[in-house]
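Peer 1: Heads up, the sequence shown is in the numbering used here, so the first residue is 122 and it goes up one at a time.
Can you read through this structure? Questions will come right after.
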Amino acid sequence: MLFNSLAFVAFFAVVYPLYRALPHRGQNHVLLLASWFFYGWWDVRFLGLLLFTTAVDWAIGLRIEGTSNPELRRRWLITSVVVNLGVLATFKYFGFFAHELEVALQGLGLPLVVPFPELVLPVGLSFYTFQSMAYTIDVYRRHVPAVRRLADFALFVSFFPQLVAGPIERARDLIPQLQAPRRVDRDRMAEGTWLILWGFFKKLFVADNAAALVARVFDDPAPTAGLVLLGAYAFCWQIYGDFSGYSDIARGLGKWMGIELSVNFRTPFFASSPRDLWRRWHITLSQWLRDYLYIPLGGNRGGRARTTAALVTTMALGGLWHGANWTYLVWGLYHGAALALQRILPPLPPSRIVRAVAIVAMFHFTALGFLVFRANSMTQAWTMLGAFLRPTAPGGAEAVLLGQLIVIVAPLLLVDAVQYLRGEEGWMFRLPRPAQAVLSAAVFLAVVFLGASFESQFIYFQF
122 MLFNSLAFVA FFAVVYPLYR ALPHRGQNHV LLLASWFFYG WWDVRFLGLL LFTTAVDWAI
182 GLRIEGTSNP ELRRRWLITS VVVNLGVLAT FKYFGFFAHE LEVALQGLGL PLVVPFPELV
242 LPVGLSFYTF QSMAYTIDVY RRHVPAVRRL ADFALFVSFF PQLVAGPIER ARDLIPQLQA
302 PRRVDRDRMA EGTWLILWGF FKKLFVADNA AALVARVFDD PAPTAGLVLL GAYAFCWQIY
362 GDFSGYSDIA RGLGKWMGIE LSVNFRTPFF ASSPRDLWRR WHITLSQWLR DYLYIPLGGN
422 RGGRARTTAA LVTTMALGGL WHGANWTYLV WGLYHGAALA LQRILPPLPP SRIVRAVAIV
482 AMFHFTALGF LVFRANSMTQ AWTMLGAFLR PTAPGGAEAV LLGQLIVIVA PLLLVDAVQY
542 LRGEEGWMFR LPRPAQAVLS AAVFLAVVFL GASFESQFIY FQF
C-alpha cells in the first residue's frame with residue numbers, strides 16, 4: 122500500500138480514529154493489526170515471511186536473555202543471524218549468484234544450467250530483517266532487555282509507517298515508546314502535518330518530476346557529456362526527494378500517533394566530505410553498518426590496513442544491501458575507497474570558502490557514484506562515463522533539461538540551505554504564523570497541481 126494512494130487514505134481514515142479513541146494497549150493492538158493488513162496489501166504471502174522473522178527473533182531474544190551460558194548465548198545469536206541472512210539471501214541474492222555461476226561455468230567450457238526458482242522480492246525485506254536482527258544482537262550484547270510480550274515485539278518489527286522503507290529503528294529507541302502510553306499534543310500534530318506535507322512535496326513534485334528527466338538521459342543509447350552530467354544531477358535529486366520524502370511522511374505519521382521515529386536525512390548534499398555524507402544520508406543504515414558490521418570487523422582499532430579493509434568491506438556489503446547487481450557493489454566500493462582515503466588525508470582548513478568548495482566537489486563526487494548506482498548494468502555505466510569523458514558543445518537539449526531541473530530542484534535546495542545554515546530542522550515553526558500558513562499552502566498547491574503523478578512507487582521499495 123502506497124502512502125500516495127487513495128487506498129492508504131481510506132486505510133488511515135479508518136485506523137487513526139480508532140487509534141485515538143482507544144487506551145494504550147488497545148492502540149497497540151489496532152496498530153499491529155493495521156500494520157499486518159498494510160503489509161499484506163501487496164501480497165499476503167509476504168506477510169507470512171514477516172510473521173516468521175518476527176516469531177524467530179522474539180523467541181531467540183528470550184532464549185539469549187534466559188541463559189548465562191556464553192556458548193549457548195552465542196549459538197542462539199548465530200541462529201538468528203543465519204535465519205535472517207538466509208531469508209535475505211534466498212529472496213534477494215540466490216538468483217543473482219546462480220546466474221553468475223552459470224556464466225562462469227560457461228566461460229570455462231562447462232555449459233551447465235544452474236536451476237533456481239524465480240522468487241518475487243518481498244517489499245521492505247532488507248529493512249525489517251536488519252531491524253529485527255539488530256534486536257537480537259542488542260539483547261546478546263545486553264544493550265536492551267528481551268521483550269516479553271510477542272505483540273509488543275511484533276509491533277516493533279512491523280510498525281507500518283516505517284515498515285517497508287525505514288528508518289531502520291533500534292530497539293532501544295522504538296520499543297519503549299510502544300510499551301508506554303503516548304501523548305499527542307498540538308505541537309506534535311503540527312510538526313507531523315508539516316513533515317507529511319513536505320514529504321509529499323519531495324516525492325510528488327521533486328522526485329517524480331525529476332524521474333522523467335532521468336529517464337530521458339538513461340534511456341538514450343548515445344547521450345552527450347552534458348546530458349550525462351545533467352542526468353546524474355537529476356538522479357541525485359530524484360532519489361533524495363523520493364527516499365527522504367518517504368522518511369518524512371513516516372516520521373509525520375509517527376508524530377500523529379505520539380511516536381518519534383529517527384531522522385534519516387540531514388541536508389546530505391551539503392556534505393563536505395565522504396564521512397560527512399554518511400552522517401547525513403540514510404543515517405539509520407549508516408549507523409547500522411557502523412555498529413553491527415564495521416566495528417565487529419575491527420573498526421579503527423587496528424592499523425591502517427585493517428581499518429581500510431573494514432571500511433571497504435562494510436561499504437561493499439552496504440552497496441549489496443541495495444540489491445544483487447554489480448552496479449551496487451561498485452557503488453559501495455567507490456564510497457568505501459573514498460572513506461578510506463579521507464582517513465589518511467589532512468583535514469580541511471577551517472575556512473568558509475574552503476568548505477563551500479568542498480561541498481560543491483562532494484556533490485559532484487556523489488553524483489558520479491549515483492550515475493553508476495542508477496545504471497541498468499556496468500556496461501551502461503561505462504558507456505555513460507565514456508560519453509562524459511568525451512565532452513561536446515552543449516546544445517538545445519541540455520539547455521532545456523537544465524532549465525527544467527532548476528525549476529524542480531530550486532525549492533528543495535532553498536529549504537535545505539536554510540536548514541543547513543540554521544542548523545535545525547524545525548526552523549519553519551519559528552516563522553510568524555501567517556508565513557507558516559502561506560508556506561504550507563504553497564507546498565500543498567504544488568503537490569496537488571504540479572506533482573507528476575499519484576500512486577507511483579517509491580524507489581527504495583525495491584530494496
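Idealized CB from N, CA, C, for every residue including glycine.
#1: Mind pulling the alpha helix (DSSP H) runs of 4 or more residues that sit fully within the region 480–544?
#2: Throw me the rounded Cβ distance for the L382 and P288 pair, which I believe falls under 8 Å.
#3: So, are the CB atoms of W402 and P389 less than 8 Å apart?
#4: Using CA atoms only, rank isn't needed, just tell me which of K323, G544, V151 and E546 is closest to I580.
#5: State yes or no: is the C-beta of P243 within less than 8 Å of the C-beta of L170?
#6: Check whether the Cβ atoms of G457 and M436 lie closer than 8 Å to each other.
#7: Given a cut-off of 8 Å on the beta-carbon distance, is the pair M378 and W447 in contact?
#8: Starting from the Cα of D273, find the closest Cα among P282, V260 and A292 and give me that residue.
#9: Quick check on DSSP: helix, strand or coil for L242?
#10: Using 8 Å as the Cβ pair cut-off and three pairs as the minimum, do the region 244–263 and the region 146–157 touch?
#11: Rounding to the nearest angstrom, what Cα-Cα distance links R262 and A431 in this structure?
#12: Just verifying my parser: in three-state terms, what is the DSSP assignment at Y140?
#13: Kindly indicate the opening and closing residues of the alpha helix (DSSP H) around D397.
#14: If you pair each beta-carbon of the region 321–338 with each one of the region 529–541, do three or more pairs fall below 8 Å?
#15: If you count every other CB in all the chains shown that lies within 10 Å of the CB of P470, and 16 or more means buried, which is it?
#16: Quick check on the burial criterion: 16 or more other C-beta atoms within 10 angstroms. Buried or exposed for S253?
#17: Three Cβ pairs or more, each shorter than 8 Å: is that satisfied between the region 333–349 and the region 490–509?
#18: Give the secondary structure of V285 by DSSP, where H, G and I count as helix, E and B as strand, and everything else as coil.
#19: With contact counted as at least three CB pairs below 8 Å, one residue from each stretch, are the region 477–484 and the region 391–402 in contact?
#20: Determine the extent of the alpha helix (DSSP H) in which G352 is found, giving its start and end residues.
#21: Using CA atoms only, rank isn't needed, just tell me which of H264, A180 and Y140 is closest to P302.
#22: Between which two residues does the alpha helix (DSSP H) holding R427 run?
#23: Determine the burial state of H443: buried for a count of at least 16 other Cβ atoms within 10 Å of its Cβ, exposed for fewer.
#24: Whole angstroms is fine: what's the gap from I370's alpha carbon to I404's?
#25: If you drop the 5 nearest sequence neighbours on each side, which residues of the same chain put their C-beta closer than 8 Å to that of A333?
#26: Pull up the distance between the alpha-carbon of T250 and that of V278, whole angstroms please.
#27: So which of A155, A210, V305 and M505 has the shortest CA-CA distance to D340?
#28: Looking at the C-beta of L374, does it have a partner C-beta in chain C at a distance below 8 Å?
#29: When DSSP labels each residue in this structure, what does Q300 get in the three-state scheme?
#30: Ignore the nearest five residues each way along the sequence and tell me which others in W197's own chain have a CB closer than 6 Å to its CB.
#31: Once you ignore the five residues that flank L240 on each side, which residues in its own chain have a CB closer than 6 Å to its CB?
#32: Go ahead and label E290 buried or exposed: buried means 16 or more other beta carbons lie within 10 angstroms of its beta carbon, across all protein chains shown.
#33: Specify, as a first and last residue, the run of the alpha helix (DSSP H) that G182 falls within.
#34: For the alpha helix (DSSP H) that M122 lies in, which residues bound it at each end?
#35: T513: buried (16+ other C-beta within 10 angstroms of its C-beta) or exposed?
#36: For my contact list, S365 and F386 are in at a C-beta cut-off of 8 Å; report their separation, rounded to the angstrom.
Peer 2: Walking through what the data contain:
#1: 499–509 and 517–543
#2: On the sequence shown, residue 382 is found 261 positions in, with the first residue counted as 1. On the sequence shown, residue 288 is found 167 positions in, with the first residue counted as 1. About 6 Å separates the two Cβ atoms, so the contact holds.
#3: Here residue 402 corresponds to residue number 281 of the sequence shown, with the count starting at 1. Here residue 389 corresponds to residue number 268 of the sequence shown, with the count starting at 1. Taking 8 Å as the Cβ cut-off, W402 and P389 qualify as a contacting pair.
#4: The residue labelled residue 580 in the question sits at position 459 within the sequence shown. The candidate whose alpha carbon is nearest that of I580 is K323.
#5: Here residue 243 refers to the residue found at position 122 when the sequence shown is read from its first residue. Here residue 170 refers to the residue found at position 49 when the sequence shown is read from its first residue. Result yes, Cβ atoms of P243 and L170 sit closer than 8 Å.
#6: By one-based count along the sequence shown, residue 457 stands at place 336. By one-based count along the sequence shown, residue 436 stands at place 315. Yes, the pair counts as a contact, with Cβ atoms nearer than the cut-off.
#7: Your numbering for residue 378 matches position 257 in the sequence shown. Your numbering for residue 447 matches position 326 in the sequence shown. No, they are not a contact pair.
#8: Position 152 of the sequence shown, counted from the start, is the residue given in the question as residue 273. Cα-wise, what sits closest to D273 is A292.
#9: Working through the sequence shown from its first residue, we reach residue 242 at position 121. In the structure shown, L242 sits in coil (DSSP, three-state: anything other than H, G, I, E or B).
#10: no
#11: Indexing the sequence shown from 1 puts residue 262 at position 141. Indexing the sequence shown from 1 puts residue 431 at position 310. Approximately 21 Å, taken between the alpha carbons.
#12: Locating residue 140 in the sequence shown gives position 19, counting from the first residue. Correct three-state label for Y140: helix.
#13: The residue given as residue 397 occupies position 276 in the sequence shown. D397 -> alpha helix (DSSP H) spans P395 to L398.
#14: yes
#15: Working through the sequence shown from its first residue, we reach residue 470 at position 349. Exposed: under 16 other Cβ atoms inside 10 Å.
#16: Sequence index remark: in the sequence shown, residue 253 carries index 132 (1-based). Per the 10 Å Cβ criterion, buried.
#17: yes
#18: Within the sequence shown, residue 285 is the residue found at index 164, counting from 1. In this structure, V285 counts as coil in the three-state DSSP scheme.
#19: yes
#20: Taking the first residue of the sequence shown as 1, we reach residue 352 at position 231. Looking at the DSSP string, the run of the alpha helix (DSSP H) that includes G352 is A346 to W377.
#21: To locate residue 302, count along the sequence shown from 1; it is residue 181. Looking at the Cα atoms, Y140 is the closest of the given residues.
#22: Within the sequence shown, numbered from 1, the residue matching residue 427 stands at position 306. Here the alpha helix (DSSP H) through R427 covers R425 to W442.
#23: Locating residue 443 in the sequence shown gives position 322, counting from the first residue. Under this definition H443 is a buried residue.
#24: Walking along the sequence shown from the start, residue 370 turns up at place 249. Walking along the sequence shown from the start, residue 404 turns up at place 283. Straight-line Cα distance between these residues: approximately 16 Å.
#25: By 1-based counting over the sequence shown, the position of residue 333 is 212. Answer for A333: A573, listed in chain order.
#26: By one-based count along the sequence shown, residue 250 stands at place 129. By one-based count along the sequence shown, residue 278 stands at place 157. If I take the Cα positions, the gap works out to 8 Å.
#27: If you number the sequence shown from 1, residue 340 lands on position 219. It is M505 whose Cα lies nearest to the Cα of D340.
#28: This model lacks chain C altogether; it includes just one protein chain.
#29: Counted from its first residue, the sequence shown places residue 300 at position 179. Q300: helix per DSSP, three-state reduction.
#30: Taking the sequence shown and counting its residues from 1, the one referred to as residue 197 is at position 76. The residues are I181, R184 and I185.
#31: Residue mapping note: residue 240 aligns to position 119 of the sequence shown, counting from 1. Cβ neighbours of L240 beyond the five flanking positions: F212.
#32: Along the sequence shown, read from residue 1 onward, the residue named residue 290 stands at position 169. Label assigned to E290: buried.
#33: The count along the sequence shown starts at 1 and reaches residue 182 at position 61. That run of the alpha helix (DSSP H) goes V165 to E186.
#34: Locating residue 122 in the sequence shown gives position 1, counting from the first residue. Careful: M122 lies outside any alpha helix (DSSP H) and carries neither H nor E.
#35: Residue 513 sits at position 392 when you count from the first residue of the sequence shown. T513 should be labelled exposed.
#36: On the sequence shown, residue 365 is found 244 positions in, with the first residue counted as 1. On the sequence shown, residue 386 is found 265 positions in, with the first residue counted as 1. Contact flag correct, Cβ pair sits at about 4 Å.
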